[in-house]
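J.: Numbering (our numbering), first residue to last: 156 to 607. Here it is, the structure in full.
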Amino acid sequence: MFRKVLIANRGEIALRINRACHELGVATVAIFSEADRGSLHVRHADEAFCVGAGPVASSYLNIANIISTGLICGADAIHPGYGFLAENARFAEIARDHGLTFIGPEPGVIAAMGDKATARRIMDESGVPITPGSGILTSAEAAAAFAAEIGYPVLLKATAGGGGKGMRAVESPAEMASAFATASAEAEASFKDGRMYVEKLIRSPRHIEVQVLGDQYGDVVHLGERDCSVQKPSHQKLIEEAPAAALDPAVRDRLHDIAVTAARAVKYTNAGTLEFLVDGPNVYFMEMNTRIQVEHPVTEMVYGVDLVKEQIRIASGERLGFTQADLQPLGCAIEVRVNAEDPENNFAPAAGTLGRVEFPGGPGVRVDTHVYSGSVVPPFYDSMLAKIIVTGRTRESAILRMERALSETRIEGVKTTVEFCREIMRDEEFQHAGLGVDWLPRYLAHRVPATV
């Protein structure tokens, strides 16, 4: 086991990793920007070092400063969390070359799966079903020519990154030029990679993902699926749950089998997630995220496995401590992302100093957060303030518990998604389950805005 881990991230995931390390008896090193000097992840780490100014390019994406910090403080390993450098193969290589274990898969796997077009090709060759789509495209003309072959509507997607950035639905040839320019520019700004590809747009699929773990000895297991279909118009997830409700058992089994097959095909180690579109009985591979996911807590709560601890154990050379037969789900878990956003203004992000902050508690309630009364929400980073996770014996009881938990939540000083998510918990359509990714945009289109 490692002696000391540098946590190359911020916010709630940095604090989450810090806790897992301490429970394993591992010392921790936090990094922070000038804007995050007072953050909880800095306070709770054993050591903490400033790596630059507030903007991410100066701090959380500053590879030279981060690696230098790891070497100076004597860390054995680096945990990247999610976002920032978590899926940067070059960062993983540099860490390895400097004697620091990267807590994640091999750099070559990160590179292959991080390029969405390459990942689709590898999965197709491995027998994993994919949506009809192109290779890498560098011009709107090439995208339009391919779209004409497979037929509109199509989806333009960035080959790098995720989180809905660099993604545009295109309904007709007349929309292609502007959509390509906008999506490519967004991808270039977000990921320094403006390359695109096209795939056939499936109108109302469910977005379902499967969590996998693989060790260095060839053992691979899945930990069931998560339903991430409740997404904002920007394609960013807002509510996730495990297991996926109202899913045909045969489709569920197929998803699990495909995910393990895909992970074995790339000799995957550590924690990873296979994302799929599910359209009735049809299953299509979308992408593989080679890191821990924002929504990992719902899997932890249903399966009773600490995924971050497993990441650290695997990276240190340990075998998986369980087999597939040992992993049995129990109950239902739901996660709500509490973002500093205004749902009444197209989820515009907010920044500022928080006033009173109160989070819920009680049986079956978990809160992962890095904010507190008086903390500052900087304008430089993702808008997520907290994740509220609840469990219940049934989905119905979990929904009721979440509604109660959100009613207890108070965050003053910025607009948040708390009341909006509470509204969704009370919606009859949401309660019936089995929704597609187009549900929330349709809900918003017909929603009567809350009175301010």
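Where a beta carbon is used, it is the ideal one built from N, C-alpha and C, also for glycine. Keep in mind that this is a model prediction, so the values were computed, not measured.
1) At the level of alpha carbons, what is the spacing between Asn220 and Leu402?
2) Near Ala609, which residues of its chain fall below 8 Å by C-beta distance, leaving aside the five closest residues on each side in sequence?
3) Gly517: buried (16+ other C-beta within 10 angstroms of its C-beta) or exposed?
4) May I ask you to check if the CB of Glu551 is nearer than 7 Å to at least one heavy atom of the ligand MG?
5) Buried or exposed for Val603, please, with buried defined as at least 16 other CB atoms from any protein chain shown within 10 angstroms of its CB.
6) Taking 8 Å as the cut-off, does the segment 284-297 touch the segment 442-450 (at least 3 CB pairs, one atom from each stretch)?
7) Classify Val607: buried if its beta carbon has 16 or more other beta carbons within 10 angstroms, exposed otherwise.
8) Tell me the start and end of each unbroken alpha helix (DSSP H) in the segment 430-504 that is at least 4 residues and wholly inside, in chain order.
9) Tell me the residue span of the alpha helix (DSSP H) that contains Leu402.
10) Is the number of C-beta pairs between the segment 249-257 and the segment 386-406 that are closer than 8 Å three or more?
11) Contact between the segment 530-548 and the segment 480-490 is defined here as three or more beta-carbon pairs at a separation below 8 Å; is this criterion met?
12) To which residues of the same chain is Leu161 closer than 6 Å at the C-beta, ignoring the five residues directly before and after it?
13) Thinking C-alpha only, which one of Glu354, Ala344, Gly319 is nearest Val325?
14) Once DSSP output is grouped into helix, strand and coil, what is the label at Ala232?
15) For the segment 432-439 and the segment 360-371, state whether three or more C-beta atom pairs, one from each stretch, are separated by less than 8 Å.
16) Using the three-state DSSP reduction, which class does Asn425 fall into: helix, strand or coil?
17) Just curious, the beta strand (DSSP E) that Phe204 is in, first and last residue?
18) Does DSSP put Gly565 in a helix, in a strand, or in coil?
19) Identify every residue that forms a DSSP beta bridge with Lys612.
20) My guess is that Lys312 and Gly321 are in contact by the Cβ rule of under 8 Å, so how many angstroms apart are they, rounded?
21) Which residues does DSSP pair with Arg323 in a beta bridge?
22) Looking only at its chain, what residues have a beta carbon closer than 8 Å to the beta carbon of Gly379, apart from the 5 residues adjacent to it on each side?
23) Report the rounded CA-to-CA distance for Ala295 versus Ser345, giving the unit in angstroms.
24) Is the segment 525-533 touching the segment 192-199 in the sense that three or more CB pairs, one from each, lie closer than 8 Å?
25) Leaving out five residues before and five after Ile357 in sequence, what residues of the same chain have Cβ atoms less than 6 Å from its Cβ?
26) Just verifying my parser: in three-state terms, what is the DSSP assignment at Ile249?
27) Helix, strand or coil: which one does DSSP assign to Glu261?
28) Taking just the CA atoms, how far does Thr524 sit from Tyr237?
29) Under a Cβ-count criterion, where at least 16 other Cβ atoms within 10 Å of its own Cβ denotes burial, should Ser333 be classed as buried or exposed?
30) Could you give the DSSP three-state label for Thr273: helix, strand or coil?
31) DSSP on His390, reduced to helix/strand/coil?
32) Leaving out five residues before and five after Phe502 in sequence, what residues of the same chain have Cβ atoms less than 6 Å from its Cβ?
33) Taking the straight line between their C-alpha atoms, what separation do you get for Ala506 and Thr478?
T.: Put simply:
1) Here the question's residue 220 lines up with position 65 in the sequence shown. Here the question's residue 402 lines up with position 247 in the sequence shown. Their backbone Cα atoms lie some 46 Å apart in a straight line.
2) Summary: the structure shown does not reach residue 609, with the chain confined to residues 156 through 607, and so no result is reported for it.
3) Reading the sequence shown from its first residue, position 362 is the one you call residue 517. Exposed.
4) No copy of the ligand MG appears in this structure; indeed no ligand is present at all.
5) Here residue 603 refers to the residue found at position 448 of the sequence shown. If you draw a 10 Å sphere on the C-beta of Val603, you find fewer than 16 other C-beta atoms in it, and that means exposed.
6) Flag = no, the segment 442-450 and the segment 284-297 do not touch.
7) Looking up residue 607 in the sequence shown gives position 452. Residue placement at Val607 is poorly supported in this model, since its pLDDT is 45, which falls under 50; the coordinates still yield a value, given next. By the neighbour-count criterion, in which a residue is buried when 16 or more other Cβ atoms sit within 10 angstroms of its Cβ, Val607 is exposed.
8) Within the segment 430-504, the complete alpha helix (DSSP H) runs of at least 4 residues are 451-458, 462-470.
9) The residue given as residue 402 occupies position 247 in the sequence shown. Where Leu402 is concerned, there is no enclosing alpha helix (DSSP H), given that its DSSP letter is neither H nor E.
10) With a cut-off of 8 Å, the segment 386-406 and the segment 249-257 do not count as touching, because too few Cβ pairs lie within range.
11) For the pair of segments examined, the segment 530-548 was found to touch the segment 480-490: the number of CB pairs separated by less than 8 Å reaches three.
12) Counted from its first residue, the sequence shown places residue 161 at position 6. Correct list, in chain order: Val184, Gly225, Ala230, Ile233.
13) Translated into positions along the sequence shown, residue 325 becomes position 170. Considering only Glu354, Ala344, Gly319, the residue with the shortest C-alpha distance to Val325 is Glu354.
14) On the sequence shown, residue 232 is found 77 positions in, with the first residue counted as 1. Here Ala232 sits in strand by DSSP.
15) Contact holds: three or more Cβ-Cβ distances are below 8 Å.
16) In the sequence shown, counting from the first residue as 1, residue 425 sits at position 270. Asn425: strand per DSSP, three-state reduction.
17) Along the sequence shown, one-based indexing puts residue 204 at 49. For Phe204, the enclosing beta strand (DSSP E) starts and ends at 202-207.
18) As a position in the sequence shown, residue 565 is number 410, starting the count at 1. According to the sequence as given, residue 565 is Arg; it is not Gly. Arg565 falls in the strand class under three-state DSSP.
19) Because the chain here runs from 156 to 607, residue 612 falls outside it and cannot be looked at.
20) Taking the sequence shown and counting its residues from 1, the one referred to as residue 312 is at position 157. Taking the sequence shown and counting its residues from 1, the one referred to as residue 321 is at position 166. Your pair Lys312 and Gly321 checks out as a contact, with CB atoms roughly 7 Å apart and the cut at 8 Å.
21) One-based indexing of the sequence shown puts residue 323 at position 168. Arg323 is bridged by DSSP to Leu311.
22) Here residue 379 refers to the residue found at position 224 when the sequence shown is read from its first residue. Once the five neighbours on either side are set aside, the close Cβ partners of Gly379 are Val365, Gln366, Ala397, Pro398, His411, Thr454, Val457, Tyr458, Leu482, Pro484.
23) The residue given as residue 295 occupies position 140 in the sequence shown. The residue given as residue 345 occupies position 190 in the sequence shown. Distance between the alpha carbons of Ala295 and Ser345 is about 19 Å.
24) Enough Cβ pairs lie closer than 8 Å, so yes.
25) As a position in the sequence shown, residue 357 is number 202, starting the count at 1. Excluding sequence neighbours, Ile357 sits near Leu432, Asp434.
26) By 1-based counting over the sequence shown, the position of residue 249 is 94. Helix at Ile249.
27) Position 106 of the sequence shown holds residue 261. Three-state result, Glu261: coil.
28) Against the sequence shown, residue 237 aligns to sequence position 82. Against the sequence shown, residue 524 aligns to sequence position 369. Roughly 15 Å separates the two Cα atoms.
29) Here the question's residue 333 lines up with position 178 in the sequence shown. Within 10 angstroms of the beta-carbon of Ser333 lie fewer than 16 other beta-carbons, which makes it exposed.
30) Within the sequence shown, numbered from 1, the residue matching residue 273 stands at position 118. DSSP places Thr273 in helix when its eight states are reduced to three.
31) As a first step, residue 390 is located in the sequence shown; it is residue number 235 there, counting from the start. Coil, per DSSP.
32) Within the sequence shown, the letter at position 347 stands for residue 502. Within the same chain, Phe502 has close Cβ partners Lys387, Glu496.
33) Reading the sequence shown from its first residue, position 351 is the one you call residue 506. Reading the sequence shown from its first residue, position 323 is the one you call residue 478. Distance from the CA of Ala506 to the CA of Thr478, rounded to the nearest whole angstrom, comes to 45 Å.
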